[in-house]
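This report concerns only the one structure given below.
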Amino acid sequence: TSTNLCPHTLTLYRYPLYIASLLLFYCCSLIICYFSIFSIFFFFLNCIAGLGLVSKHFTKCGFNTNNYHPILSNSRPHTRGTVWSPSPLLHLILLSPRHNDLALMLRILHNNRLSQVDLHSISKVATDINRLTTGHVGAQVFAAYVLCGAQAKDAVRLTLEQIDVINRMCTENPELELVTSAKGLNDTKRIACLISIEGGHSIDSSLPTLRMFYQLGVPHARTHDVVKEMNRLGMIVDLSHSSWATARAVLQISKAPVIFSHSSAYAVCNHSRNVPDDLLRELKENGGLIMVNLHSGFVACHGQANVSIVADHFTHIRKVVGSESIGIGGDFDGASKFPLGLEDVSKYPALIQELLKRHWTENELSGVLRRNFLRVFKEVEKVSAKGTKEQMYSKSHSELVAPRSLVWTMVVLISCLCPDGPLRL
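For what it's worth, the numbering used here labels the leading residue of the sequence shown as 3, then goes sequentially.
Next comes the structure, spelled out in structure tokens:
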């Protein structure tokens with residue numbers, strides 16, 4: 003295999019000879035000038051200049067010890083007994099976690115008054131722009147979530163207010179960009195922001211409300227007519243928080259891939275929020291994605307949650323359905339406790355390092371970090387375009403209204419598990 007060296011690196015081989023020549027020249031000068039102060043001054047001046055040139059060339063070649071990361075850097079130091087090869091992960095690490103509740107925390111802590119908040123550094127939360135950058139996050143889905151107490155009251159208004167705060171957050175900061183399509187996600191050079199609605203109570207039994215949310219830039223939402231309408235619009239169906247029975251029903255109905263936006267492997271931690279192996283296999287047949295939740299209570303049923311246990315979930319799911327069906331869910335600011343070493347959005351590189359130690363390939367990780375989610379996004383858009391062309395639904399689809407009992411069930415089983423709702427399909 004060929005090795006591509008930075009052109010500036012080639013000049014470094016001449017520096018030992020250059021420094022040796024300096025030493026020889028100035029030693030002679032010292033003898034001739036009888037150790038004059040003037041000669042000593044120029045000796046040290048030239049040595050400093052030479053070291054400065056070496057440092058300059060290292061910087062041009064991209065080697066900066068202040069920014070060096072052993073997993074994410076293309077330039078890696080040699081360690082005895084270890085052979086490093088240049089890694090493309092520095093580019094691929096622009097990962098796309100699926101679920102984040104920063105908007106909910108902005109409402110609770112600051113009443114959505116962004117003028118009172120420096121989004122680059124926010125206390126009492128796990129997400130801000132600085133930590134997104136440190137964590138190499140290239141895209142983040144923010145949930146426009148409202149609490150279950152708003153059900154059958156003002157949930158739609160509150161959801162609109164949450165969409166508004168995400169919109170303002172992502173348009174008023176130059177590091178962020180609001181996107182609503184797979185192309186926009188792929189093309190942006192900033193941190194892409196996507197909006198999801200979480201909870202069937204957010205649409206209050208109204209498919210027209212669902213359509214208007216889509217027009218406002220919500221490509222994700224959380225059952226028969228509702229799923230079909232989401233397929234038609236090009237909205238991604240999210241099954242996290244749903245019962246397993248509901249998830250299986252949706253997988254039979256949906257013509258497009260679906261996702262579990264923040265769920266983990268039931269076989270590793272037998273929590274009801276996690277997904278059993280048989281359902282994972284149905285998800286694979288659908289072409290969908292499970293995006294691993296990082297909430298401590300869902301990844302470690304016993305003992306302290308840490309990076310290694312989170313990696314166990316990834317490795318188990320890969321064994322059952324392959325890496326093509328996996329993404330990263332996060333759930334930062336939607337839960338109170340996270341694994342040791344993964345306390346906020348800046349710590350994602352620690353997870354990638356752990357997976358590399360377990361012999362995950364860079365191709366597998368590029369899928370987990372970004373490519374798998376892009377594939378699902380594009381497939382959902384393709385199903386929408388095909389459905390429109392073939393008139394998948396009648397011309398009266400815009401007049402459909404989901405029965406309140408259906409949406410009530412959707413609230414209970416697909417969204418937030420409100421305690422007083424009926425548990426039936």
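We put the CB at the ideal spot given by N, CA and C, even for glycine. Only a predicted model underlies this, so the values are computations on that prediction, with no experimental measurement involved.
Tell me the start and end of each unbroken beta strand (DSSP E) in the stretch 171-243 that is at least 3 residues and wholly inside, in chain order. As far as the stretch 171-243 is concerned, its whole beta strand (DSSP E) runs of at least 3 residues are 178-180 and 193-198.
Is any heavy atom of the ligand GDP found at a distance shorter than 7 Å from the C-beta of residue 303? With respect to small molecules bound, the structure shown includes none, and the ligand GDP cannot be examined in it.
Over what stretch of residues does the alpha helix (DSSP H) that includes residue 279 continue unbroken? From DSSP, the alpha helix (DSSP H) with residue 279 extends over 279-288.
Tell me whether residue 269 sits in a helix, a strand or coil according to DSSP, three-state version. Reduced to three states, the DSSP call for residue 269 is coil.
Would the stretch 289-297 and the stretch 321-331 be scored as touching if the rule is three or more Cβ pairs under 8 Å? Remark: three or more beta-carbon pairs, one from each stretch, lie closer than 8 Å, so the stretch 289-297 and the stretch 321-331 are flagged as touching.
In three-state terms, what does DSSP make of residue 299? It is helical.
Could you work out which residue in 184, 340, 311 and 272 is closest to residue 372 when comparing CA atoms only? Comparing Cα-Cα distances from residue 372 to each of 184, 340, 311 and 272, the minimum goes to 184.
Can you tell me which of 338, 253, 212 and 297 puts its alpha carbon nearest to the alpha carbon of residue 276? Closest in alpha carbon position to residue 276, among 338, 253, 212 and 297, is 297.
Just the Cα atoms here: how many angstroms apart are residue 281 and residue 201? If you take the alpha carbons of residue 281 and residue 201, they lie about 21 Å apart.
Have a look at residue 286 and residue 306 and give me their C-alpha separation to the nearest angstrom. Their Cα atoms are separated by approximately 30 Å.
Classify residue 2: buried if its beta carbon has 16 or more other beta carbons within 10 angstroms, exposed otherwise. A query on residue 2 cannot be resolved here, the shown segment of the chain reaching from 3 to 427 and no further.
Residue nearest to residue 181 in terms of C-alpha spacing, selected from 160, 311, 133 and 142: Among 160, 311, 133 and 142, the Cα nearest to that of residue 181 belongs to 142.
Inside the stretch 310-350 only - beta strand (DSSP E) runs reaching at least 3 residues: Those beta strand (DSSP E) runs which fall completely within the stretch 310-350 and span 3+ residues are 328-334.
What number of angstroms, rounded off, separates the C-alpha of residue 203 from the C-alpha of residue 313? The alpha-carbon atoms of residue 203 and residue 313 are separated by roughly 34 Å.
Quick one: residues in its chain with C-beta nearer than 7 Å to the C-beta of residue 211, no 5 flanking neighbours on either side, listed in chain order? Sequence-distant Cβ neighbours of residue 211 in its own chain, meaning closer than 7 Å and more than five residues away, are 158 and 205.
Once DSSP output is grouped into helix, strand and coil, what is the label at residue 358? Helix at residue 358.
Please report the Cβ distance between residue 132 and residue 123, rounded to the nearest whole angstrom; I am assuming they are in contact, meaning their Cβ atoms lie under 8 Å. That belief holds up - the Cβ atoms of residue 132 and residue 123 are roughly 6 Å apart, short of 8 Å.
Hey, how far is the Cα of residue 174 from the Cα of residue 304? Approximately 43 Å between the Cα atoms of the pair.
Beta-carbon separation of residue 119 and residue 257 under 8 Å? Remark: C-beta atoms of residue 119 and residue 257 do not approach each other more closely than 8 Å.
Give a yes or no on whether the C-beta atoms belonging to residue 261 and residue 238 are separated by under 8 Å. Contact flag set, yes.
Quick check on the DSSP output: the alpha helix (DSSP H) that includes residue 252 runs from which residue to which? Looking at the DSSP string, the run of the alpha helix (DSSP H) that includes residue 252 is 246-255.
Return the first residue and the last residue of the beta strand (DSSP E) that residue 145 is part of. Segment 141-145, the beta strand (DSSP E) holding residue 145.
Between 190, 130, 219 and 231, which has its C-alpha nearest residue 209's C-alpha? Closest in C-alpha terms to residue 209, from the list 190, 130, 219 and 231, comes 231.
Between the CA atoms of residue 355 and residue 340 - distance to the nearest angstrom: Those two C-alpha atoms are separated by around 18 Å.
CA nearest to the CA of residue 150, picked from 264, 243, 233 and 344: Residue 243 is the option with its Cα nearest to residue 150.
Which residues does DSSP pair with residue 308 in a beta bridge? BP columns for residue 308 point to 342.
What distance in whole Å lies between the Cβ atoms of residue 170 and residue 116, which are believed to be in contact at a cut-off of 8 Å? Beta-carbon to beta-carbon, residue 116 and residue 170 are separated by about 6 Å, close enough to satisfy the 8 Å threshold.
Beta bridge counterpart(s) of residue 292 as assigned by DSSP: According to DSSP, residue 292 bridges with 262 and 328.
Quick one: is residue 62 buried, meaning 16 or more other Cβ sit within 10 Å of its Cβ, or exposed? At residue 62 the pLDDT is 38, less than 50, meaning the model places this residue with poor confidence; the figure from the coordinates comes in the next sentence. By the neighbour-count rule (16 or more Cβ atoms within 10 Å), residue 62 is not buried but exposed.
Assumed close pair residue 128, residue 334 - CB separation to whole angstroms, cut-off 8 Å: Taking a contact as a CB-CB distance under 8 Å, the pair residue 128 and residue 334 counts as one, their CB atoms being some 4 Å apart.
Expressed to the nearest angstrom, what Euclidean distance is found between the alpha-carbon atoms of residue 359 and residue 315? Going from the Cα of residue 359 to the Cα of residue 315 covers about 15 Å.
Which residues mark the beginning and the end of the alpha helix (DSSP H) in which residue 131 is found? Here the alpha helix (DSSP H) through residue 131 covers 131-136.
Applying the criterion that 16 or more other CB atoms from any shown protein chain within 10 Å of the CB defines a buried residue, is residue 283 buried or exposed? So residue 283 ends up on the exposed side.
Of the choices 121, 234 and 259, whose alpha-carbon is the least far from that of residue 433? The chain is shown from 3 up to 427; residue 433 falls before or after that span and cannot be answered.
Can residue 353 and residue 188 be called in contact, C-beta distance under 8 Å? No.
Going by beta carbon distance, what residues of the same chain come within less than 8 Å of residue 397, once the five residues before and after it are set aside? Residue placement at residue 397 cannot be trusted, given a pLDDT of 47 that sits under 50; the coordinates are not used to answer.
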